[in-house]
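S.K.:
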Amino acid sequence: MKYIKYDLWKSAITVMVALALAQQLQAQYVGATCGFDYNNDLTGPCTNNTDNAPLYNPPSGTATDTWGVWVEQMQQAGLDFICPNLKGSRPHAGINPTNMAPLISILNSRGLASQIKIAAFDDNASSWTAQWNEANGRGFNTATPFDISNSANWVYIYDYNYKVFYQTVPDANRFKINGRPVIIIWTGNTATVGNEQGNYSRAMTYVRQKCQADFGFNPYIIVNSECMRNDTTMNNPGIVDACHSWSGGGTWTLATTNNVKIGVAFPGLFYHTNTGFRDPNHGTTFETALSSTVGAGALLTLVEGFTDWEESAACFRVRNLDANGNALGYSQTYYDFPNQRLQILRKHSQFPFLGNQKFEAEGCDSFGSAAGGNGKTNYYRNGNIAIETTTDTGGGHDVGWLQSGEWLEWTNVPLNGSPHFLVRIATPNAGRTAHFVIDGVAQPSKTLPNTGGWQTYTTFDFGAYGSYSNSYHTIRIVFENGGVNFNWWQL
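So the sequence shown is numbered by this note's numbering: it starts at -17 and just counts up by one.
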């Protein structure tokens, strides 16, 4: 009898392993588009007064620093991949694919190359149509649809675009499905691309041939369903792998081609004065979009867009104080708290309760001080919080000059099991103390170690506080007697 039980146990383990492998093979990837205009998005200061103004206010000429801030937020959001928008490589300001090189360096230096991959998202209204029009003396615009029937024009699709992207992004950093680097093409509408019938498929075949010849791979191509309708030969075997339907006038779509589901999700869209405005509705719009795509079994869901403040569709941390330190309400920001959309993304990621989440001090949702603050202002964000660049491992920023009773708080933090609360601090002082507050309940005070200097950091373990089961909480850390530099805390 014991042998029968052993065989049954062994069979059960085999089934469990098989199911786990199947789940890995059917992983539901979540990624986001990412504008990276060097004349606007990446260097500052940010002077827009629109919805979705970023929390981080980059000084002029600090693009690499901005990439670093974005990477921290991508990690917090649990993104599997990021899609810096491809707009071609002709000399139009700030949009060459080679300009994403700092992103790759930062992902590699911070040990995130295996966690966050990079996919090609082709903003082909720019890379194909606008660049082709510009080269032919019509200016950088989409007034004349790109003639895809002329194979001489395919240099705008491949040579000035995908080829430069793959020369810039190494194989180890590429986002792949079934081992094949992914290309997502934005549109196939006739206002942008002309003469599609029989020719769009020829161009995609050319892309496959060139990628194979130049880089040794067959790309996983995801196109817009518009071109599938406008060129019926796109439905022939081997032309495309999957398709998306972009927004369709709403805030999410789910398209199925070749038995593959592809989702597109928006947190909201357009300014509140625009007739096409789609209200984020305190995060409910984004929750619904992700539940209807990721939650409906999409192999891949692409979010528009990580940095898209221009269309009020950003997912990054948003500004919640004006230049005078006054609170900005929902009607001004369309966020309830700065990290709201990052936390919603994390909730729908593959690992929503990943045990090693990191929260940057300078990116807290709110802050305050029993002592009235330290009187310092900074470029990073508005308000009386002292932020500086750090020489700690990985770079980035820390919050310094902490005063007695100064606190920082995060909303909707996912907790599971009995995680330890780790805090990255530096101080030349002895006897510094701090404590956590979880959902309004103060935890025991701990004495922090003297690290020997203001930029000599150590990770201090506060221990575990209770047990949790896939739940969300408000976490505050209070520095009781100040005199500490604070980089991040981690579960």
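The beta-carbon is built from N, C-alpha and C at its ideal position, and this holds for glycine as well.
Under the rule that 16 or more other beta-carbon atoms within 10 Å means buried, what is Asn132, buried or exposed?
M.R.: Mapped onto the sequence shown, residue 132 falls at position 150. So Asn132 counts as exposed.
S.K.: What are the boundary residues of the alpha helix (DSSP H) that includes Cys193?
M.R.: Looking up residue 193 in the sequence shown gives position 211. Annotation for Cys193: the continuous alpha helix (DSSP H) segment containing it runs Tyr182 to Phe197.
S.K.: Can you grab the Cα-Cα spacing for the pair Thr32 / Phe252, in whole Å?
M.R.: By one-based count along the sequence shown, residue 32 stands at place 50. By one-based count along the sequence shown, residue 252 stands at place 270. For Thr32 and Phe252, the distance between alpha carbons rounds to 10 Å.
S.K.: So, does the region 100 to 110 touch the region 52 to 59, judging by three or more C-beta pairs under 8 Å?
M.R.: no
S.K.: Keeping to the same chain, check which residues put their C-beta closer than 6 Å to that of Gln472; ignore five residues upstream and five downstream.
M.R.: Here residue 472 refers to the residue found at position 490 of the sequence shown. Excluding sequence neighbours, Gln472 sits near Lys340 and Leu404.
S.K.: Apart from the five residues just before and just after Asn463, which ones in its own chain have a Cβ nearer than 7 Å to its Cβ?
M.R.: Taking the sequence shown and counting its residues from 1, the one referred to as residue 463 is at position 481. The residues are Ser386, Arg414 and Thr415.
S.K.: Please work out which residues of its chain come closer than 6 Å, Cβ to Cβ, to Trp49, disregarding the five sequence neighbours upstream and downstream, and give them in chain order.
M.R.: Residue mapping note: residue 49 aligns to position 67 of the sequence shown, counting from 1. Taken in chain order, the residues that qualify are Pro84, Leu85 and Ile88.
S.K.: What does a CB cutoff of less than 6 Å around Pro27 pick up in its chain, not counting 5 residues either side in sequence?
M.R.: As a first step, residue 27 is located in the sequence shown; it is residue number 45 there, counting from the start. Result list for Pro27: Asn39, in chain order.
S.K.: Is the region 146 to 163 touching the region 208 to 222 in the sense that three or more CB pairs, one from each, lie closer than 8 Å?
M.R.: no
S.K.: Ends of the alpha helix (DSSP H) at Pro84?
M.R.: Residue numbering aside, residue 84 sits at position 102 when the sequence shown is read from its first letter. Element bounds for Pro84: Ala83 to Ser91.
S.K.: Restricting to Cα atoms, I'd like to know which of Gly265, Asn364, His379 and Val205 is closest to Val242.
M.R.: As a first step, residue 242 must be located in the sequence shown, where it is residue number 260. Of the listed residues, the one whose Cα sits closest to Val242 is Val205.
S.K.: Once DSSP output is grouped into helix, strand and coil, what is the label at Tyr144?
M.R.: Position 162 of the sequence shown, counting from 1, holds the residue named residue 144. Tyr144: helix per DSSP, three-state reduction.
S.K.: Hey, Ile165 and Pro201 are a contact pair by Cβ (cut 8 Å); roughly how many whole angstroms apart?
M.R.: Within the sequence shown, the letter at position 183 stands for residue 165. Within the sequence shown, the letter at position 219 stands for residue 201. Contact holds; Cβ gap of about 5 Å.
S.K.: For Trp383, I'd like the list of residues in its chain whose CB is within less than 7 Å of its CB, leaving aside the five on either flank, ordered along the chain.
M.R.: The residue you call residue 383 lines up with position 401 of the sequence shown. Taken in chain order, the residues that qualify are Asn356, Lys358 and Ala368.
S.K.: Would you call Ser313 buried or exposed, if buried means 16 or more other Cβ atoms sit within 10 Å of its Cβ?
M.R.: As a first step, residue 313 must be located in the sequence shown, where it is residue number 331. So Ser313 ends up on the exposed side.
S.K.: Give the DSSP bridge partners of Leu236, in chain order.
M.R.: In the sequence shown, residue 236 corresponds to position 254, counting from 1. Beta-bridge pairing links Leu236 to Gly245.
S.K.: Just how far apart, CA to CA, sit Thr44 and Val51?
M.R.: Indexing the sequence shown from 1 puts residue 44 at position 62. Indexing the sequence shown from 1 puts residue 51 at position 69. If I take the Cα positions, the gap works out to 11 Å.
S.K.: My understanding is that Thr375 touches Gly465, with C-beta atoms under 8 Å, so please give their C-beta distance in whole angstroms.
M.R.: Within the sequence shown, numbered from 1, the residue matching residue 375 stands at position 393. Within the sequence shown, numbered from 1, the residue matching residue 465 stands at position 483. The Cβ separation is near 22 Å, so there is no contact.
S.K.: For Gln194 and Ser183, I'd like the C-alpha separation in whole angstroms.
M.R.: Mapped onto the sequence shown, residue 194 falls at position 212. Mapped onto the sequence shown, residue 183 falls at position 201. Going from the Cα of Gln194 to the Cα of Ser183 covers about 17 Å.
S.K.: Label Gln191 either buried or exposed according to how many other C-beta atoms from any shown protein chain fall within 10 Å of its C-beta, with 16 as the threshold for buried.
M.R.: By 1-based counting over the sequence shown, the position of residue 191 is 209. It counts as exposed.
S.K.: Using beta-carbon positions only, say whether Asp213 and Glu178 come within less than 8 Å of one another.
M.R.: In the sequence shown, counting from the first residue as 1, residue 213 sits at position 231. In the sequence shown, counting from the first residue as 1, residue 178 sits at position 196. Yes, the pair counts as a contact, with Cβ atoms nearer than the cut-off.
S.K.: Just to confirm the assignment, what range does the beta strand (DSSP E) spanning Ala14 have?
M.R.: By one-based count along the sequence shown, residue 14 stands at place 32. First-last of the beta strand (DSSP E) with Ala14: Tyr11 to Cys16.
S.K.: Taking the DSSP output, what are the residues bridged to His402?
M.R.: What you label residue 402 is simply residue 420 of the sequence shown in a count that begins at 1. BP columns for His402 point to Ala446.
S.K.: Can you name the start and end residues of the beta strand (DSSP E) that Asp421 belongs to?
M.R.: If you number the sequence shown from 1, residue 421 lands on position 439. Element bounds for Asp421: n/a, residue is neither H nor E.
S.K.: Cβ atoms of Leu24 and Val53: under 8 Å apart, would you say?
M.R.: Here residue 53 corresponds to residue number 71 of the sequence shown, with the count starting at 1. Here residue 24 corresponds to residue number 42 of the sequence shown, with the count starting at 1. Val53 is not a Cβ neighbour of Leu24, given a cutoff of 8 Å.
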